[in-house]
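Okay, so here's the structure we're looking at.
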Amino acid sequence: MKNRKKILLINTSFYPRIGGVENSLVHLISEYKKQGNEVTVVCGDVVDDTGYRYPKYGKMFDAEIIRFRMWPLKLYWLTCFFLLLRIQITNSFDAVVSRSHVTTILASLVGFKVVYLVPGIASLHEKAGNSSSSNLRVLYSNYLQKLAFRLSNRVCVFSGSMFDQVKRLSPGCSPTKVNAGCDSDRFQPRARDEELARELDISASDRVLLCVGRLNRMKSFEKAILVTSELPDDFKLLIVGSGPEESYLLSYAISLGVSDRVKLLGSSKTPERFYSLADFFLFTSIYEPFGQVLLEAAFSSVKVLALDDVYEGESVKTATKEIFEDTPNLVKYASTKSEFISLILEDWYAPASEFDKLRTRFSWGRLSSALLKQQ
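If you count by UniProt numbering, then the sequence shown holds residues 1 to 375, one letter each, in order.
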């Protein structure tokens with residue numbers, strides 16, 4: 001093919017791990033393959049807490065997958081570096097896109113011109129997820145990410161708030177704002193999935209609240225559980241995702257006496273099925289540079305309830321207001337638990353025209369093209 005390009009995508013983790021970054025790589029592969037391009041992915045060989053090591057070479061989503069050893073104590077930096085060096089010596093790529101500051105640094109050092117698609121500010125991620133994170137660790141994370149910004153050929157971000165965070169950390173950096181994408185074939189208004197409803201013991205009269213995401217402290221799903229505990233018994237909360245906070249969230253639901261109405265369902269490769277059951281999508285993250293699940297909910301015509309900039313005295317840093325800036329009736333914001341509950345009970349009208357408007361803004365195809373543009 002005359003305009004066929006060779007594209008290298010890099011991150012520390014990849015499928016079958018399920019997360020926003022990993023999913024974005026899968027969608028970028030799909031778009032680049034549609035365009036007739038050749039795609040290679042370099043990633044770590046361990047993707048979850050099981051410690052299972054995936055083969056060094058493989059094929060997924062019609063892309064070549066090459067995995068480096070994820071040794072502990074940051075020793076994987078060496079395996080990643082030498083793998084990238086070998087690939088750089090023996091191959092020529094038209095574009096290199098990295099989603100991790102570590103892989104951005106290493107790929108730049110071996111000579112690649114890297115487009116760094118920033119997933120978030122690492123130190124803010126750590127502080128939001130662990131309030132006891134040491135100042136030394138924060139300084140270390142900031143240093144590495146600033147180095148990634150400096151070494152990158154181009155830095156891209158998904159939101160204005162992310163743009164501001166990058167500029168505060170590295171004033172000399174000039175990031176480019178690009179729109180994220182969402183799969184409109186998977187996430188769209190659907191008839192209620194009756195088979196799934198029966199599996200989950202959800203009746204036609206139940207009101208369903210949905211949370212989707214990795215079970216970590218940043219998502220603060222305990223806020224959704226607490227809200228559910230003070231709603232009438234016909235409200236059920238579905239939490240789709242896995243992660244280190246799973247046992248805590250289960251214990252918390254038991255302590256509040258709502259374990260029968262709160263279902264922790266683990267991660268899913270078909271989250272679109274759950275959106276078909278949802279009356280509301282609860283977005284309780286305290287730090288989220290973008291929030292892919294917000295697009296999934298809106299593309300599925302599910303109204304969103306999110307935390308305001310300050311919730312119960314806690315600072316919240318997300319891009320929610322920017323995402324819904326032109327479609328304000330699709331989302332409501334709560335600054336207190338009682339306000340959260342009132343918004344759910346009162347409900348509100350979200351016009352179909354606003355759902356349609358938001359769908360036109362976000363496309364994986366447009367993102368894939370934007371990442372290939374020269375600065």
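Cβ atoms here follow ideal geometry from the backbone N, Cα and C, with glycine treated the same way. Computed from a predicted model, the values in this text were never measured in an experiment.
Asked, Found
"Output the boundary residues of the alpha helix (DSSP H) element that contains Ala197.", "194–199"
"Excluding sequence positions up to five away, which residues of its chain have a Cβ less than 8 Å from the Cβ of Ile105?", "Leu144, Leu147, Ala148, Leu151"
"Considering just the uninterrupted stretch of the beta strand (DSSP E) at Thr40, what are its terminal residues?", "38–44"
"Shortest alpha-carbon distance to Glu64 belongs to which of Thr12, Val39, Asp49, Trp77?", "Val39"
"Which ranges would you report for the alpha helix (DSSP H) in the UniProt domain \"Glycosyl transferase family 1\" (194–314) if only whole runs of at least 4 residues count?", "194–199, 222–229, 246–255, 272–275, 292–299"
"Taking the alpha helix (DSSP H) that Gly160 belongs to, which residues open and close that run?", "160–169"
"If I measure Cβ to Cβ from Thr320 and keep anything under 7 Å in the same chain, skipping five residues before and after, which residues do I get?", "Phe283, Gly291, Leu294, Ala306, Val331"
"Of all Cβ atoms in chain C, is any one closer than 7 Å to the Cβ of Pro16?", "Included in the structure is just one protein chain, with no chain C present."
"Could you tell me if Ile239 is buried or exposed, where buried requires 16 or more neighbouring beta carbons within 10 angstroms of its beta carbon?", "buried"
"What distance in whole Å lies between the Cβ atoms of Thr327 and Leu358, which are believed to be in contact at a cut-off of 8 Å?", "5 Å"
"Quick one: is Tyr32 buried, meaning 16 or more other Cβ sit within 10 Å of its Cβ, or exposed?", "buried"
"Could you tell me the distance, in whole angstroms, from the CA atom of Phe281 to the CA atom of Leu200?", "17 Å"
"Does DSSP put Thr103 in a helix, a strand or coil?", "helix"
"By the three-class DSSP mapping on this structure, what secondary structure does Leu117 have?", "strand"
"Sort Arg361, Asp233, Ser247 by Cα distance to Arg217 and report the nearest one.", "Ser247"
"Measuring CB to CB, does Ser123 end up less than 7 Å from Asn142?", "yes"
"Does the region 166–177 come close enough to the region 108–122 that 3 or more CB-CB pairs lie under 8 Å?", "yes"
"Roughly how far, in whole angstroms, is the beta-carbon of Leu28 from the beta-carbon of Asn11, given that I think they are within contact range, below 8 Å?", "11 Å between Cβ atoms; not a contact."
"Using beta-carbon positions only, say whether Leu264 and Leu277 come within less than 7 Å of one another.", "no"
"May I ask which residues mark the beginning and end of the alpha helix (DSSP H) holding Leu367?", "364–372"
"Quick one: using the 10 Å Cβ neighbour count with 16 as the cut-off for buried, is Asn37 buried or exposed?", "buried"
"Quick one: what does DSSP say Cys156 is sitting in, helix, strand or coil?", "strand"
"With a threshold of 16 other CB atoms inside 10 Å of the CB of Pro55, please say whether the residue is buried or exposed.", "exposed"
"Can you tell me whether Trp364 is buried or exposed, with buried defined as 16 or more other CB within 10 angstroms of its CB?", "buried"
"Exposed or buried, Val310, counting other C-beta atoms within 10 Å across all chains shown (16 or more means buried)?", "exposed"
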